[in-house]
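Report on one structure; see the data block that follows.
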Amino acid sequence: MADSFDVIVIGGGPGGYIAAIRAAQLGRKTAVVERDKAGGRCLNYACIPAKTVLRTAEIYDQAREGAELGVVAEGVSLDWEALGKRRASVSESLSSGVKMLWDKNKVALIEGDGSLTADGNVQVGEEAYEAGTVVLATGSVALPIPGVEFGGRVVDTWGAWSLSEQPRRIAVAGAGASGSEIASAYARFGTEVVLIEMLDQILPAEDKDMARVVERTFKKQGIEISTGTPVSEVEAGDSSVKLTYGETTTEVDYLCIAGGRAPDVDGLGLDEAGVELTERGKVGVDEYGRTSNPKVYAIGDLVNAKALAHKASEEGVVAIERAAGVETHPVDQNLVAGATFCHPQVASVGLTEAAAKEAGYDVKVGKQKLGGVGGATVYDDKDGLVKLVVDAKYGEILGAHVVGNRACDMVAELVATMALEGGYQELAGIVHPHPTISEAIPEAARAVEGWALHA
Ligand SMILES: Cc1cc2nc3c(=O)[nH]c(=O)nc-3n(C[C@H](O)[C@H](O)[C@H](O)COP(=O)(O)OP(=O)(O)OC[C@H]3O[C@@H](n4cnc5c(N)ncnc54)[C@H](O)[C@@H]3O)c2cc1C
Numbered sequence: 014m015a016d017s018f019d020v021i022v023i024g025g026g027p028g029g030y031i032a033a034i035r036a037a038q039l040g041r042k043t044a045v046v047e048r049d050k051a052g053g054r055c056l057n058y059a060c061i062p063a064k065t066v067l068r069t070a071e072i073y074d075q076a077r078e079g080a081e082l083g084v085v086a087e088g089v090s091l092d093w094e095a096l097g098k099r100r101a102s103v104s105e106s107l108s109s110g111v112k113m114l115w116d117k118n119k120v121a122l123i124e125g126d127g128s129l130t131a132d133g134n135v136q137v138g139e140e141a142y143e144a145g146t147v148v149l150a151t152g153s154v155a156l157p158i159p160g161v162e163f164g165g166r167v168v169d170t171w172g173a174w175s176l177s178e179q180p181r182r183i184a185v186a187g188a189g190a191s192g193s194e195i196a197s198a199y200a201r202f203g204t205e206v207v208l209i210e211m212l213d214q215i216l217p218a219e220d221k222d223m224a225r226v227v228e229r230t231f232k233k234q235g236i237e238i239s240t241g242t243p244v245s246e247v248e249a250g251d252s253s254v255k256l257t258y259g260e261t262t263t264e265v266d267y268l269c270i271a272g273g274r275a276p277d278v279d280g281l282g283l284d285e286a287g288v289e290l291t292e293r294g295k296v297g298v299d300e301y302g303r304t305s306n307p308k309v310y311a312i313g314d315l316v317n318a319k320a321l322a323h324k325a326s327e328e329g330v331v332a333i334e335r336a337a338g339v340e341t342h343p344v345d346q347n348l349v350a351g352a353t354f355c356h357p358q359v360a361s362v363g364l365t366e367a368a369a370k371e372a373g374y375d376v377k378v379g380k381q382k383l384g385g386v387g388g389a390t391v392y393d394d395k396d397g398l399v400k401l402v403v404d405a406k407y408g409e410i411l412g413a414h415v416v417g418n419r420a421c422d423m424v425a426e427l428v429a430t431m432a433l434e435g436g437y438q439e440l441a442g443i444v445h446p447h448p449t450i451s452e453a454i455p456e457a458a459r460a461v462e463g464w465a466l467h468a
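Numbering (the numbering used here) for the sequence shown: 14 to 468.
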């Protein structure tokens, strides 16, 4: 054996890097195996670069629209090279921040491809490492659509966020969180955008009311939206891509496929180590992340239904605490909020109205348009909506949904209320600062009983 560790984490993304730090905090001799960059896909190819480009889209949009607010910015233009440099430097800075945290916590970094051995230890290249506990945190990879391959002008989400030129026209297949973010950024850059979804609404995981608000706003931004229309044919050329969806054929500079992702388990040695997969191809775990091999845990995009960075991190903490035998709590997957940073943003926690009804609840709903509260006019955030789905009997909040410019921040309060088992009645009585958009939250709670003050 090259060395032995109490904990070896394979994969240094938001699941793995946090797990490693927590293990070190608990006094465990810890190593991370990473074959690419600290911070994983999230920091280097997904969440962070996406949000960095979206920030540029926001500034660009505001600069052009500023005249009404008294800011006259003439000759506003995009500097694609500067945008690319900032995108890279934000990721580099956060990735080196992760390395610094590992150093500070004395987490060893083993560079290379890690895999499990039959006895539940870890192999990296020629070297074998002994591990008390192994945490698998290798994330997920983009899936193309059947019959289409990535390459050239057919790109995955990272390809879309890192284009070397601004496209004149782009098609995005898949209107989930990533596809909607890409569509929203490029539309604000002035690119013609076609957003195609095979299911019957954009943002299929979101409540119908919220998806409708976003769809309306996207259309105002000039995005061509097509739902219920899978992409059926793709012909990729050197200078353009021709694609067919529903009855329509169109030609674009780039096609981005923002469909599904699959757990990155290739070559991980799961079979040898007796780690079983679920029917859906994810690594099977209990609510603490333990796999069918008692020595091996799995977290992040490898496990459970949602693929979100904050979920991965929390699963990392819980898995390590469980393995260390210290007090912990299972991750409540129902309280993992979804957050989509398109314009307007969409965030939600818990059940949609339809899902709550399907689960058999007697449901009441409270809605407040953001435009009703003063802050929304001040901050130009009038298109949004807060919607609460509550259990009619006791007032328990079953689901909370927000669309608005800062929805992804606003949802945190709703997650906290649900985690602390507050009902809509408590929310209705919580005093919110004025003038803020968050004033729409108690209003939505009052709306459950029909007495919102700014309805
Ligand atoms: C475009 C896009 C935007 C997104 N935006 C958001 C967002 O805004 N908010 C959010 O919460 N989520 C977002 N996500 C989802 C988020 O990126 C993932 O949920 C998150 O990265 C999962 O973290 P992870 O630790 O499981 O894996 P990853 O971040 O995928 O990291 C896994 C790491 O493991 C390494 N690895 C893999 N196999 C091996 C091996 N055998 N040996 C050594 N190393 C290995 C990889 O190199 C990688 O660095 C986005 C996803 C995409 C695609």
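Beta carbons are placed, not taken as given, at the ideal position from N, Cα and C, and that holds for glycine. Here the structure is a predicted model, which means the values were calculated and not measured.
From the options, residue whose alpha carbon lies closest to that of residue i
i           : options            : result
residue 61  : 294, 84, 99, 76    : 99
residue 150 : 25, 93, 239, 428   : 25
residue 335 : 312, 363, 46       : 312
residue 75  : 414, 263, 450, 394 : 394
residue 197 : 329, 129, 63       : 63
residue 219 : 59, 401, 342       : 401
residue 442 : 432, 424, 462      : 462
residue 92  : 177, 78, 246, 369  : 177
residue 294 : 275, 281, 305      : 275
residue 436 : 411, 424, 423      : 411
residue 467 : 388, 426, 431      : 388
residue 371 : 172, 358, 241, 404 : 404
residue 1   : 280, 430, 452      : Nothing in the structure corresponds to residue 1, since the chain is present only between 14 and 468.
Contacts around residue i, its chain only, beta-carbon distance under 7 angstroms, and the 5 residues preceding and following it disregarded
i           : result
residue 204 : 179, 180, 181, 182, 183
residue 272 : 156, 158, 186, 187
residue 125 : 46, 48, 137, 138
residue 103 : 61, 65
residue 28  : 150, 312, 313, 325, 326, 328, 329
residue 114 : 34
residue 167 : 161, 247, 249, 254, 268, 270
residue 50  : 57, 108
Neighbour-count burial assignment, residue i, 16 or more Cβ in a 10 Å radius
i           : result
residue 229 : exposed
residue 324 : buried
residue 235 : exposed
residue 340 : exposed
residue 57  : buried
residue 447 : exposed
residue 307 : exposed
residue 153 : buried
residue 434 : exposed
residue 318 : exposed
residue 134 : buried
residue 356 : buried
residue 30  : buried
residue 38  : exposed
Nonlocal neighbours in the same chain, by C-beta distance under 8 angstroms from residue i, ignoring five residues either side
i           : result
residue 465 : 379, 381, 385, 456, 457, 459
residue 222 : 366, 380, 398, 400, 414
Cβ neighbours of residue i in the same chain (closer than 6 angstroms, five flanking residues each side left out)
i           : result
residue 15  : 140, 142
residue 192 : 185, 271
residue 333 : 32, 35, 36
residue 264 : 253, 255
residue 5   : Outside the displayed span of the chain (14 to 468) sits residue 5, for which this structure offers no information.
Residue i Cβ short of 7 angstroms to ligand 2 heavy atom set
i           : result
residue 425 : Of the ligands one can find in the structure shown, namely ligand 1, none is ligand 2.
Please list the segments of the beta strand (DSSP E) lying wholly inside the segment 291-363, counting only runs of 3 or more residues, in order along the chain. 309-311, 351-353, 358-363
Please list the segments of the alpha helix (DSSP H) lying wholly inside the segment 184-218, counting only runs of 4 or more residues, in order along the chain. If only complete runs of 4 or more residues are kept, the segment 184-218 shows the alpha helix (DSSP H) at 190-202, in order along the chain.
Residue ranges of each beta strand (DSSP E) run of no fewer than 3 residues wholly in the segment 123-151, ordered along the chain? Listed in chain order, the beta strand (DSSP E) elements of length 3 or more contained wholly in the segment 123-151 are 127-129, 135-137, 140-149.
Suppose only complete runs of 4+ residues qualify. What are the alpha helix (DSSP H) ranges in the segment 209-275, listed by chain order? 221-233
Length at least 3, wholly inside the segment 429-464: the beta strand (DSSP E) runs in chain order: none
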